[in-house]
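Quick notes on the structure that follows.
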Amino acid sequence: MYRFEKLRVYDDALNLVEDIYKLTKLIPKTETFALIDQIKRASTSIVLNIAEGSGSESDKGFKNFLRIALKSLYETVACLKLVNRLFKINTEIYLQKCELVGRELNGLIKSMSKANG
Numbered sequence: 874m875y876r877f878e879k880l881r882v883y884d885d886a887l888n889l890v891e892d893i894y895k896l897t898k899l900i901p902k903t904e905t906f907a908l909i910d911q912i913k914r915a916s917t918s919i920v921l922n923i924a925e926g927s928g929s930e931s932d933k934g935f936k937n938f939l940r941i942a943l944k945s946l947y948e949t950v951a952c953l954k955l956v957n958r959l960f961k962i963n964t965e966i967y968l969q970k971c972e973l974v975g976r977e978l979n980g981l982i983k984s985m986s987k988a989n990g
C-alpha cells in the first residue's frame, strides 16, 4: 500500500472525482472540449497531486503538492459554480464534498507544519 492510499483525503478526493465524472454526463455535449474537460482535469489534479506529493523526499515537498491540490480544488469549485449558473444543474452536493476535501487538505497541511515546527 502506498503512503497516499492511507490518507482519508485521498479517498474523499477519489470519491469527488467519481462524482464529478457522473455530473459531467448532465452537462450539454457542446461543452465536451470546454467546461467538461476542465472540471475533469481540475478534480483529477487534486487526487494526482496528493499521490505525487506523497512520494516527495521531504514533508516540505509534500506540503507543496498538497497546496497545488488545494488550488485544483478551488478550480473545481469555480467550475461547479459555472455549471450551476450556466446550466441550472444543482451542484450543492458536489460543493459540500469539495468543502470536506478542502478541510482535510488544510488540516493535513497544518498538521505537517506543526510537526516540523
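If you read the sequence shown in this note's numbering, its first letter stands for residue 874, the second for the next number, and so on. In this text, a Cβ means the ideal position worked out from N, Cα and C, and glycines have one as well. Computed from a predicted model, the values in this text were never measured in an experiment.
Margin query: Please give the ranges of any alpha helix (DSSP H) in the stretch 926-974, keeping only runs that are unbroken, at least 4 residues long and fully inside the region.
Written below: Taking only runs of at least 4 residues, the alpha helix (DSSP H) segments lying wholly in the stretch 926-974 are 932-960.
Check: Between L943 and G975, is the Cβ-Cβ spacing less than 8 Å?
Finding: Against a cut-off of 8 Å, the Cβ pair of G975 and L943 comes out as a contact.
Notebook entry, point to check: What's the call for I962, buried or exposed, on a 16-neighbour Cβ count within 10 Å?
Noted result: Result: exposed.
Item checked: Stretch-stretch touch, CB-based, cutoff 8 Å, three pairs: the stretch 964-973 with the stretch 887-905 -> Yes, since at least three Cβ pairs between the stretch 964-973 and the stretch 887-905 fall closer than 8 Å, the two stretches touch.
Note to self: Can you give me the C-alpha to C-alpha distance between E904 and L953, rounded to a whole angstrom?
What the structure shows: Spanning the two alpha carbons is a distance of roughly 13 Å.
Note to self: Let me confirm a value: K970 is counted as buried when at least 16 other C-beta atoms fall within 10 Å, else exposed. Which label applies?
What the structure shows: It counts as buried.
Note to self: Quick check: L946 and I923, are their CB atoms within less than 8 Å of each other?
What the structure shows: Cβ distance not < 8 Å, so L946 and I923 don't count as in contact.
Item checked: Straight-line gap, A907 to V956 (C-alpha atoms, nearest Å) -> Cα to Cα, A907 sits roughly 11 Å from V956.
Margin query: Relative to the C-alpha of I941, which candidate in S984, S986, K898 and I919 has its C-alpha closest?
Written below: Checked all of S984, S986, K898 and I919; the closest Cα to I941 is I919.
Check: Which residues bound the alpha helix (DSSP H) around Y894?
Finding: That run of the alpha helix (DSSP H) goes R881 to L896.
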